[in-house]
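Undergrad: Every position in the sequence shown, counted from 1, becomes a number in the working numbering once 1316 is added. For every residue, glycine included, the Cβ atom is placed at its ideal position computed from N, Cα and C.
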Amino acid sequence: MNTPAASDPLALLAEAAGIAVRWVDAHGRPQTVSAESLRAVLEALDLPAGTPALARDSLARLRQPAAAPALAVVDAGGRLPLPENRPRPYRIECEDGSVLDGHTLSQDGRGYLPIPQRPGYHRLELGGASTVLAAAPPRCPSPAELLLQESPRAWGVAAQIYSLRHDDPAAHPAAGGYGDFGALADLAAQAGRRGADALAISPVHAMFSADPAACSPYAPSSRLFLNALYADPCAVFGADAVRAAMAAIGGSERAARLERAAHIDWQAAGALRLALLRQLYDRLDEAGPALRDAFAQFRQAGGDALQSHAVFEVLDARHGAGPGAARDWRQWPEELRDPSSPRARGFGAAHEREVAFHVFMQWLARTSLARAQSRARGAGMRLGLIADLAVGTDPCGSHAWSRQADMLDGVTIGAPPDLFQDAGQQWGLAAFSPRALRASGYAAFIEMLRAALADTGGLRIDHILGLARLWLVPRGATPAQGAYLRYPLEDLLRLVALEAWRHGALIVGENLGTVPAGFNDRLAQSGVLGTSVLWFQTASGPDQPPAFIPPDRWPADALAMPDTHDLPTLRGWWEGRDLDWRERLGAMPGAAARQARRRERDALWAALRAAGLTHAGPAPREAPVAAMLGFVAATPAPLMLAPLEDLAGLADQPNLPGTTAGHPNWRQRLPRGSAQLLADPSVRARIDTIKTCRSTP
1317 MNTPAASDPL ALLAEAAGIA VRWVDAHGRP QTVSAESLRA VLEALDLPAG
1367 TPALARDSLA RLRQPAAAPA LAVVDAGGRL PLPENRPRPY RIECEDGSVL
1417 DGHTLSQDGR GYLPIPQRPG YHRLELGGAS TVLAAAPPRC PSPAELLLQE
1467 SPRAWGVAAQ IYSLRHDDPA AHPAAGGYGD FGALADLAAQ AGRRGADALA
1517 ISPVHAMFSA DPAACSPYAP SSRLFLNALY ADPCAVFGAD AVRAAMAAIG
1567 GSERAARLER AAHIDWQAAG ALRLALLRQL YDRLDEAGPA LRDAFAQFRQ
1617 AGGDALQSHA VFEVLDARHG AGPGAARDWR QWPEELRDPS SPRARGFGAA
1667 HEREVAFHVF MQWLARTSLA RAQSRARGAG MRLGLIADLA VGTDPCGSHA
1717 WSRQADMLDG VTIGAPPDLF QDAGQQWGLA AFSPRALRAS GYAAFIEMLR
1767 AALADTGGLR IDHILGLARL WLVPRGATPA QGAYLRYPLE DLLRLVALEA
1817 WRHGALIVGE NLGTVPAGFN DRLAQSGVLG TSVLWFQTAS GPDQPPAFIP
1867 PDRWPADALA MPDTHDLPTL RGWWEGRDLD WRERLGAMPG AAARQARRRE
1917 RDALWAALRA AGLTHAGPAP REAPVAAMLG FVAATPAPLM LAPLEDLAGL
1967 ADQPNLPGTT AGHPNWRQRL PRGSAQLLAD PSVRARIDTI KTCRSTP
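1) For S1998, does the count of other Cβ atoms within 10 angstroms reach 16, so buried, or fall short, so exposed?
2) Near R1917, which residues of its chain fall below 7 Å by C-beta distance, leaving aside the five closest residues on each side in sequence?
3) What does the Cβ neighbour count give for H1931, buried or exposed, with the cut at 16 atoms within 10 Å?
4) Please list, in chain order, all residues of the same chain as H1779 whose beta carbon is under 7 Å from its beta carbon, the five residues on each side excluded.
5) Excluding the 5 residues flanking E1466 on each side, which residues of the same chain have their C-beta closer than 7 Å to its C-beta?
6) Check each candidate in P1867, G1888, G1892, G1965 and name the one with the smallest Cα separation from R1925.
7) In chain order, what residues of the same chain lie with their CB nearer than 8 Å to the CB of L1592, ignoring the 5 residues before and after it?
8) Do we get a CB-CB distance below 8 Å when we pair A1384 with the residues of chain D?
9) Less than 8 Å between the beta carbons of L1462 and G1694, yes or no?
10) Going by the C-beta, is L1361 closer than 7 Å to any heavy atom of the ligand ZN?
11) Would you give the residue range spanned by the alpha helix (DSSP H) that M1956 belongs to?
12) With DSSP as the reference, label P1639 as helix, strand or coil.
13) In this structure, how does DSSP classify T1772 when only helix, strand and coil are distinguished?
14) Using a threshold of 8 Å, state whether the C-beta atoms of L1745 and D1722 are closer than that.
15) From the DSSP output, in three-state form, read off R1379 for me.
16) Does H1579 pass the burial test, meaning 16 or more other C-beta atoms within 10 Å, or should it be called exposed?
17) Checking 8 Å against the spacing of the C-beta atoms, do P1457 and L1822 come in under that value?
18) Should H1419 and R1404 be called a contact, given that it needs their Cβ atoms to be closer than 8 Å?
19) Among residues of its own chain, excluding the 5 on either side of E1575, which ones have a beta-carbon nearer than 7 Å to its beta-carbon?
20) Which residues bound the alpha helix (DSSP H) around W1890?
21) What is the rounded straight-line gap between the Cα of A2001 and the Cα of R1913?
22) Just to confirm, is the Cβ distance from S1333 to L1370 under 8 Å?
23) At which residue ranges does the segment 1327–1392 contain complete beta strand (DSSP E) runs of 3 or more residues, listed in the order of the chain?
24) Would G1906 and E1359 qualify as a contact pair, given that the criterion is a beta-carbon distance under 8 Å?
25) Helix, strand or coil for V1999, going by three-state DSSP, please let me know.
26) Spatial neighbours of A1330 within its chain, please: CB distance less than 7 Å, with the 5 preceding and 5 following residues excluded, ordered by chain position.
27) In whole angstroms, what separates the C-alpha of L1765 from that of V1520?
28) Indicate the three-state DSSP secondary structure (helix, strand or coil) for W1471 in the structure shown.
29) Which one or two residues does DSSP pair with P1405 in a beta bridge?
30) Let's see if you can read the secondary structure: which residues bound the alpha helix (DSSP H) around A1666?
31) S1842 to W1648, Cα distance in whole Å?
32) Look up V1844 in the DSSP assignment and give the residues it is bridged to.
33) Taking the CB atoms as reference points, tell me whether R2010 and W1645 lie closer together than 8 Å.
34) Closest to G1436 by CA distance: which of A1501, L1449, L1429 is it?
35) Less than 6 Å between C-beta atoms, sequence neighbours within five positions excluded: which residues of the same chain meet that for L1786?
36) Check each candidate in P1325, P1430, S1714 and name the one with the smallest Cα separation from R1395.
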């Protein structure tokens, strides 16, 4: 491997650009990034370094004084340092409409601007120049503030939306093989009536309408818009109109057959839902003026971003679908790769009608998601929906096409080799360019946050470590050949806090994995809840048996969960179902893993007994799901979430990482509708255990 010396122009440029030339792996061993990988990441940052001369030129360009930023991220009530010490007049037009006039101040020979105490986006006029001050509060809204309780110990449910079922499919004529925002609204109402304060959901980002089989919610086409297949047309048109539309396309029997299946056939179910939505769109002219006006207002408010996404959907269906087609806009005809080109923007009336159809679907999706949040709050939930923000987007999708200047091209997000993945991971997702974010005043990041926070009471940020650094893998390289790229953590956390304050939202960070030193402390300071998962709350020394940390020693500044979508369910872990799957798929040896699981199961049983949640005696064959849920509920976490798979006592997890075939990832459905499921005696007993443990100091 060709490794650069510390004084080499390539290494100097990489360090200046935020690339860690040297880093320490999970085994504590120092590593050095190869020159080839450094050049690839630098090229993605628009800093060519193919030769020493090019590297020096890029370094000189990087070190040039930056122009006045379009947006300055500051602390509300703080100070903005200024290059000049002399007093100068300024005017600040605050977001709330008030105006502040004054003169800059100085202290210790340095000039500064006093920032308004109230958070918000304020326009600053100073010295003939204008900029926006993003004045952030010191912290995100706390659980105590949002839950109106001094020391909250709330609980909620976590749901994979696609897995949900309607209790009476006949009363929901759009039901046809997977859960949607209508089923989500029903679940919200049912869970709220049983005392839940939150409903955490799987990502709802826009996928590829032309390819419903691309179903991983963590590899979206765009994080700015919604998965159109989740739209609940009954929320807008009513059940009778939807039933008539389904009959018109002859889809009732197909829908019933798909609805009965244990696993989702995304291609068939997606095609049927799209046909139903198109039938409703074709009948929009027959709808009342209130609906037509609401659609027109939605389209106007969506502006160019919505239009671009709809255009992409049309072009993707024409050029990215079908036998031999390239699912990559970079391989489209050259004139279509630019989203602003005339060819991309219009092909006449037929093209415009197709674009309008995709806008229509976004309107239905947004309206029905808002209805789900409204029903959650109406049922007594103090938070309601907690959305999930994926760490990146598909580089072949709408977001990457319409926001090319904001994205890194030629590298994808992954993870280096660690204790759990010897070869590392390559997720195939596009990331924002930190250079582009700064240059644009973080416009793309703010736009994404606002889209994710709309119609929710909170947001989970997947792989929140990415706000500090991302492991980027060059195209064609292995995960081990990647490099860490630093991101402006302080600015990004301040913007998260500001948008959370403006939306009144709880923020949770998925901080599992190899966490940089001090990162969790910084999250806590900013009011972002971390994530504590039962399977990782263990403590054991060398040559000592595993031991689970007692509930009262779990972090008080983190969300508590028994597991996640990528981990075994409680029953599945107890029974070793995840090991069965991996052994079946040839991913791991069986004997050693099963012996380790038996030791871990005995350790958990001992911890459950010590917590007073089980009887004495050996660990039972049947998983003590209620006791395990109670163990997590007994922690001091301000919010505990119970996945529906655990409440229902299911054995298989939603996703088995590292597999793309063999395991039914993102296709498993719950056995019953929400009302029937939550009314089941065993499920009610598990909920009662959670509520009892949450209410006990």
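TA: This is what the structure holds:
1) Around the beta-carbon of S1998, fewer than 16 other beta-carbon atoms lie within 10 Å, marking it exposed.
2) Excluding positions up to five away in sequence, the list reads W1890, A1935.
3) The residue in question, H1931, is exposed, as its Cβ has fewer than 16 Cβ neighbours within 10 Å.
4) Cβ within range, chain order: V1707, E1826.
5) Excluding positions up to five away in sequence, the list reads A1460.
6) Nearest of P1867, G1888, G1892, G1965 to R1925, Cα basis: P1867.
7) Excluding its 5 nearest sequence neighbours in each direction, L1592 has C-beta neighbours in its own chain below 8 Å: A1490, G1492, P1549, V1558, A1561, M1562, I1565, G1567, listed in chain order.
8) Absent here is chain D; the protein component of the structure consists of one chain.
9) Judged by their CB atoms, L1462 and G1694 are not nearer to each other than the 8 Å cut-off.
10) As presented, the structure is devoid of all ligands, the ligand ZN included, so that no description of it is given.
11) For M1956, there is no enclosing alpha helix (DSSP H); the residue is found in the beta strand (DSSP E) stretching over 1955–1959.
12) With a pLDDT of 48 at P1639, under the threshold of 50, the modelled position of this residue cannot be trusted; read the value that follows with caution. Of the three classes helix, strand and coil, the one that applies to P1639 here is coil, per DSSP.
13) Under the three-state reduction of DSSP, T1772 is assigned to coil, being neither helix nor strand.
14) No, Cβ-Cβ distance for L1745 and D1722 is not below 8 Å.
15) Assignment of R1379 by DSSP, reduced to helix, strand and coil, places it in the coil class.
16) Classified as exposed, H1579 has fewer than 16 neighbouring CB atoms from the shown chains inside 10 Å of its CB.
17) Yes, the Cβ-Cβ distance between P1457 and L1822 is below 8 Å.
18) Cβ distance < 8 Å, so H1419 and R1404 count as in contact.
19) Within the same chain, Cβ atoms closer than 7 Å to the Cβ of E1575 are found at P1485, A1491, G1492, G1493, the five residues on either side in sequence being excluded.
20) DSSP places W1890 in the uninterrupted alpha helix (DSSP H) bounded by 1886–1891.
21) Cα-Cα distance, rounded: 27 Å.
22) Before going on, a small fix: residue 1333 reads as Ala here, not Ser. Going by C-beta atoms, A1333 is not nearer than 8 Å to L1370.
23) Listed in chain order, the beta strand (DSSP E) elements of length 3 or more contained wholly in the segment 1327–1392 are 1338–1340, 1346–1348, 1387–1391.
24) No; because the gap between Cβ atoms is not below 8 Å, this pair is not in contact.
25) Note: V1999 maps to helix in three-state DSSP.
26) The residues are V1337, L1354, L1358.
27) If I take the Cα positions, the gap works out to 13 Å.
28) Strand, per DSSP.
29) Answer is H1419.
30) 1665–1694 is the extent of the alpha helix (DSSP H) around A1666.
31) Distance between the alpha carbons of S1842 and W1648: 43 Å.
32) DSSP output for V1844 lists no bridge partner at all.
33) In this structure, R2010 lies away from W1645, with their beta-carbon atoms at least 8 Å apart.
34) Ranked by Cα distance from G1436, the options A1501, L1449, L1429 are led by L1449.
35) A distance below 6 Å between beta-carbons, with the five flanking residues on each side excluded, links L1786 to the following residues of its chain, in chain order: I1729, A1747, L1801.
36) Minimum Cα distance to R1395 is reached at P1430.
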